[in-house]
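There are 2 protein chains.
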Amino acid sequence: MAIIVQKYGGTSVGTLDRIRNVAARIKRTRDEGNQVIAVVSAMSGVTDGLLKMAREISENPTERELDVLVSTGEQQSIALVALALQEMGVDAVSVTGRQAGILTTGSHTRGRILNIDPSLMQAFLDQGKTLVVAGFQGITPDGMIHTLGRGGSDLTAIAVAAALKADVCQILTDVDGVYTCDPRIVKNARKLPEISYDEMLEMASSGSKVMQSRSVEFAKKFGVIFEVRSSLNDNPGTLVLEEHTSMENVVIRGVSIERSQARVTITGIPDAPGMSGRILGALGDAEINLDMIVSNIAHDGFARHSFTMHSSDLAKAQAALKPVITELSSNARIETDVGIAKLSAVGIGMRSHSGVAATMFKALGEVGINIGMISTSEIKIAVTVDETRIEDAARAVHDAFQLDKQPI
Amino acid sequence: MAIIVQKYGGTSVGTLDRIRNVAARIKRTRDEGNQVIAVVSAMSGVTDGLLKMAREISENPTERELDVLVSTGEQQSIALVALALQEMGVDAVSVTGRQAGILTTGSHTRGRILNIDPSLMQAFLDQGKTLVVAGFQGITPDGMIHTLGRGGSDLTAIAVAAALKADVCQILTDVDGVYTCDPRIVKNARKLPEISYDEMLEMASSGSKVMQSRSVEFAKKFGVIFEVRSSLNDNPGTLVLEEHTSMENVVIRGVSIERSQARVTITGIPDAPGMSGRILGALGDAEINLDMIVSNIAHDGFARHSFTMHSSDLAKAQAALKPVITELSSNARIETDVGIAKLSAVGIGMRSHSGVAATMFKALGEVGINIGMISTSEIKIAVTVDETRIEDAARAVHDAFQLDKQPI
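Respectively, the protein sequence lines represent chains X and Y. Counting from 1, position 78 in the first sequence corresponds to residue 78 in my numbering; the numbering is continuous, with no gaps. With the second sequence counted from 1, adding 1000 to any position gets you my numbering.
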């Protein structure tokens, strides 16, 4: 009997009818001869309703109490899914985060999974039960309730799969899998049968928001193979797994884009040790997530530092930089630029193939798209372009690497 | 610093505004120099809404999952009350049933408190925090979620007061205290400053639904003195405590009534050993709660057994009795009677005063009320009367014992 973990998000359990559909799918998987552990989120809307009440009570609610409040959402959905399964004759049992032995650390509302004690889940499985586990929640070593933040239910599913040594972990969602590019932009984008953890991580950090990076990192760390697939149909999805040699035949796995980027450029800073550290430190203290970072020396002998970030962080970044810049040099200047988007081409095959950047830049040049900043990793080339041209850019690069064609 | 436990019911926390009022009252108690542990129920309506969903999913939902589902109601209210307190500058913390160390036994949805491990609550108190504890819930020794059934939050408050050796336990409710009789019926009914556990138990089982019997029994067992008082004003309420000698000066503490009673009389049963056992056994198997039970021998030499019960149980009782009666004797007959009410006069002083029954029967006779069945305990005399006359009966007995007057 295979052990299958299935994760269902808030939309999938958003109404009582959808809960019945989820239960029917779990039952079907069970009837095919598998042991099933379903990890479910709160019914969509429930969490927001609870947060709204908290904000009416308190302008600045403490995160400890938000966790106590919000974690009731998943506790309700596991009971309802278990009841729906029981109504269909399945011997199901709900399991809270605490009962699942999910031990967490870190801050309230942003807990990290430290460890899982699966003994109660294992005991239920040994009794032949189907488990319905609350996603998104756990407890601290001293027994306080923690939620895991955005994408927390994916993380729960992967951690539970690791702890129970599950054969399969399915992340059931509203997309069919991971595509070579967003199919709403690139019509001939193709669903990938498989992708490596590292590629998935680069895609996630480049705007393909199928999953949060930390869930993929957790899966990579514990070697959990998972499949991203649709909760609405039975089509196979995309397997995410450790890379294997045949994967290197593909130079570029996919292209992802990220809009609403802003660039900050600082000029006129003396090229001396510690300068970059001061600047990056100020931005870090202001909790601004930088994306691309490019530095070099301009013809005037001064250093030139450029960063990209989400445009919503721009004002905060300027405020944080101003005092530091003034202190460092009277020549220093801050230039800003918005209306920028980022395009990333990702693939582990890049390591063993040359000429990738050239193909990409040529393709963009042929459709008259100007490249701004460039940044590369071992398995990614990212460029900034004018936001108005990002879709053309995506199509041009997708075509140049023939991503619509099944590789041999 | 005194330790005060305050219990607030679902109506008291039924809206966000009421939650703020509850928080203000807790803060006031705190500001008066006390350590406060508030035990709160779910916001009124929340539990019913959850049960409604469960019944839409399943015709016959399992009680285990109902407990998982319904216990989220209190978890939400403790977080919201704690947030409201924090917004007022009080260092408050929410505590779930599990965190409060409330260990339970018995069936799901009807758990009984086995034990309390107050170590986390004590640690929070030692840190100077104000506690907001979830009523109505606990966990079994193997970590499953239990709810405590009707009146469960009162039980939680009393158990927490016992475990923390609280100085005061206040049951804040929508009545001002315990009255000599229902003030809606007897206009000059008087609020009692104090009542003994045993009297309170007799009142509770005689229709005065201020509290469930088992909460009073628990308080009696652990010697927890509690006060029933209004959550809407600061008037002193009624202290419920172990009897003391001066309490015996009062012959009758109060009068309570219970409507919608039915009587079943069985005639024509041979007066032989084991007959009553067979009859009562059949009713017990059918889970019918009998109230008064009167048996004697009629002039024809046959036994005559009469019972009262709530009239909603009558049909079930008849169905359960029919096969037994037929088997016991061909002469046996079942007579039924509805439209009956019960009046009880309760007081520990009865033990040391004679003539109580005579006074009561005379008072009823003077207003032309016929007495049906009579049953007595050491501290109670109960009679059945025609339901249409129950209010007159209550006023007559209340007057006869001069319950409107403060005893000397």
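All C-beta atoms in this analysis are idealised placements derived from N, C-alpha and C, irrespective of residue type, glycine included. On a predicted model such as this, the values are computed, not experimentally measured, just so you know.
Close Cβ partners of residue i (< 6 Å) along its chain, the five nearest in sequence each way excluded
{"i": "His108(X)", "result": "Glu63, Arg64 and Asp67"}
{"i": "Ser208(X)", "result": "Ser256"}
{"i": "Val338(X)", "result": "Ala262 and Ser311"}
{"i": "Thr105(X)", "result": "Arg112 and Leu114"}
{"i": "Gly237(X)", "result": "Gly177, Glu227, Val228 and Arg229"}
{"i": "Met275(X)", "result": "Ile269"}
{"i": "Lys221(X)", "result": "none"}
{"i": "Lys1380(Y)", "result": "Glu1202, Ser1344 and Val1346"}
{"i": "Asn1331(Y)", "result": "Gly1268"}
Under 9 Å between C-beta atoms of residue i and residue j
{"i": "Val397(X)", "j": "Val251(X)", "result": "no"}
{"i": "Thr308(X)", "j": "Met350(X)", "result": "no"}
{"i": "Leu50(X)", "j": "Leu80(X)", "result": "no"}
{"i": "Ala1219(Y)", "j": "Cys1169(Y)", "result": "yes"}
{"i": "Glu87(X)", "j": "Ser41(X)", "result": "no"}
{"i": "Pro1412(Y)", "j": "Asn1249(Y)", "result": "No answer is possible for residue 1412(Y): the residues shown for chain Y start at 1001 and end at 1408."}
{"i": "Phe361(X)", "j": "Ile371(X)", "result": "yes"}
{"i": "Phe124(X)", "j": "Val160(X)", "result": "no"}
{"i": "Asp1404(Y)", "j": "Ala1272(Y)", "result": "no"}
{"i": "Ser1071(Y)", "j": "Ala1157(Y)", "result": "no"}
{"i": "Ala166(X)", "j": "Ile116(X)", "result": "no"}
{"i": "Thr1376(Y)", "j": "Ile1334(Y)", "result": "no"}
{"i": "Gly143(X)", "j": "Gln1099(Y)", "result": "yes"}
{"i": "Gly10(X)", "j": "Ser44(X)", "result": "yes"}
{"i": "Leu131(X)", "j": "Tyr8(X)", "result": "no"}
{"i": "Gly254(X)", "j": "Tyr179(X)", "result": "yes"}
{"i": "Ser1231(Y)", "j": "Arg1025(Y)", "result": "yes"}
{"i": "Arg1110(Y)", "j": "Gly1151(Y)", "result": "no"}
{"i": "Met1392(Y)", "j": "Ile1369(Y)", "result": "Reading the sequence as shown, one finds Asp at residue 1392(Y) and not Met. It is a contact, given that the beta carbons lie within the stated cut-off."}
{"i": "Phe1401(Y)", "j": "Thr1359(Y)", "result": "yes"}
Member of the options whose CA lies at the smallest distance from the CA of residue i
{"i": "His1353(Y)", "options": "Gly1143(Y), Met1247(Y), Thr1011(Y) and Leu1016(Y)", "result": "Met1247(Y)"}
{"i": "Arg1304(Y)", "options": "Ala1100(Y), Ala1320(Y), Pro1270(Y) and Thr1047(Y)", "result": "Pro1270(Y)"}
{"i": "Gly1284(Y)", "options": "Gln1261(Y), His1299(Y) and Gln1318(Y)", "result": "Gln1318(Y)"}
{"i": "Thr245(X)", "options": "Glu194(X), Val228(X), Gly149(X) and Ser330(X)", "result": "Glu194(X)"}
{"i": "Leu1241(Y)", "options": "Ile1325(Y), Met1200(Y), Leu1016(Y) and Ile1037(Y)", "result": "Met1200(Y)"}
{"i": "Arg278(X)", "options": "Glu327(X), Tyr197(X) and Asp300(X)", "result": "Glu327(X)"}
{"i": "Arg322(X)", "options": "Ser344(X), Val367(X), Phe302(X) and Thr267(X)", "result": "According to the sequence shown, residue 322(X) is Lys rather than Arg. Closest option to Lys322(X), Cα to Cα, is Thr267(X)."}
{"i": "Met203(X)", "options": "Ser344(X), Asp31(X) and Gln122(X)", "result": "Ser344(X)"}
{"i": "Asp1234(Y)", "options": "Asp1017(Y), Gly1014(Y) and Val1022(Y)", "result": "Val1022(Y)"}
Residues near residue i in its chain [Cβ-Cβ closer than 8 Å; skip 5 each side]
{"i": "Glu1001(Y)", "result": "Here the sequence assigns Met to residue 1001(Y), which means Glu is not the residue at that position. The residues are Gly1033, Asn1034 and Gln1035."}
{"i": "Asp1313(Y)", "result": "Ala1262, Ile1288 and Asn1289"}
{"i": "Thr1029(Y)", "result": "Ile1004, Gln1006 and Val1036"}
{"i": "Glu387(X)", "result": "Arg259, Ser260, Gln261, Gly339, Ile340 and Ala341"}
DSSP-derived helix/strand/coil call for residue i
{"i": "His398(X)", "result": "helix"}
{"i": "Asp271(X)", "result": "coil"}
{"i": "Gly1365(Y)", "result": "helix"}
{"i": "Asn115(X)", "result": "strand"}
{"i": "Leu64(X)", "result": "A small correction: the amino acid at residue 64(X) is Arg; Leu does not occupy that position in the sequence shown. The answer is helix: DSSP assigns Arg64(X) an H, G or I state."}
{"i": "Phe226(X)", "result": "strand"}
{"i": "Val186(X)", "result": "coil"}
{"i": "Val90(X)", "result": "coil"}
{"i": "Gln212(X)", "result": "coil"}
{"i": "Gln318(X)", "result": "helix"}
{"i": "Met1043(Y)", "result": "coil"}
{"i": "Asn1021(Y)", "result": "helix"}
{"i": "Leu148(X)", "result": "coil"}
{"i": "Met309(X)", "result": "strand"}
{"i": "Gln1122(Y)", "result": "helix"}
Close beta carbons around residue i, own chain, < 7 Å, minus the five adjacent residues each side
{"i": "Pro1141(Y)", "result": "Leu1103"}
{"i": "Ser213(X)", "result": "Leu201, Ala204 and Ser205"}
{"i": "Ile1215(Y)", "result": "Reading the sequence as shown, one finds Ser at residue 1215(Y) and not Ile. The residues are Gly1151, Asp1154, Leu1155 and Ile1158."}
Residue i CB to nearest heavy atom of the ligand MN below 8 Å
{"i": "Glu391(X)", "result": "The model on display carries no ligand, and the ligand MN is accordingly not part of it."}
Contact with chain C by residue i, beta-carbon distance below 9 Å
{"i": "Ser1071(Y)", "result": "Chain labels in this structure do not include chain C; the protein chains are X and Y."}
Going along the chain, which residues of the region 1075-1095 of chain Y sit with their C-beta nearer than 8 Å to a C-beta in chain X? With the criterion set as a beta carbon lying under 8 Å from some beta carbon of chain X, the members of the region 1075-1095 of chain Y are Gln1075, Gln1076, Ile1078, Ala1079, Leu1080, Ala1082, Leu1083, Ala1084, Gln1086, Glu1087, Val1093 and Ser1094, in sequence order.
Please list, in chain order, the residues of the region 1048-1064 of chain Y that have any C-beta partner in chain X closer than 9 Å. Within the region 1048-1064 of chain Y, the residues whose Cβ lies closer than 9 Å to some Cβ of chain X are Leu1050, Met1053, Ala1054, Glu1056, Ile1057, Ser1058, Glu1059, Asn1060, Pro1061, Thr1062 and Arg1064, listed in chain order.
Residues within the region 136-152 of chain X neighbouring chain Y, beta-carbon criterion of under 7 Å: Legend: CB atoms of the region 136-152 of chain X lying less than 7 Å from CB atoms of chain Y belong to residues Gly143.
Taking a cut of 9 Å between CB atoms, which residues from the region 1008-1023 of chain Y lie near chain X? Closer than 9 Å at the C-beta level to chain X, one finds these residues of the region 1008-1023 of chain Y: Leu1016, Ile1019, Arg1020 and Ala1023.
Which residues, taken in chain order from the region 99-110 of chain X, show a beta carbon closer than 7 Å to some beta carbon of chain Y? Listed by position, the residues of the region 99-110 of chain X near chain Y (Cβ gap below 7 Å) are Gln99.
Selection of the region 1118-1129 of chain Y by Cβ proximity to chain X, strictly under 8 Å: Flagged, chain order: Leu1120.
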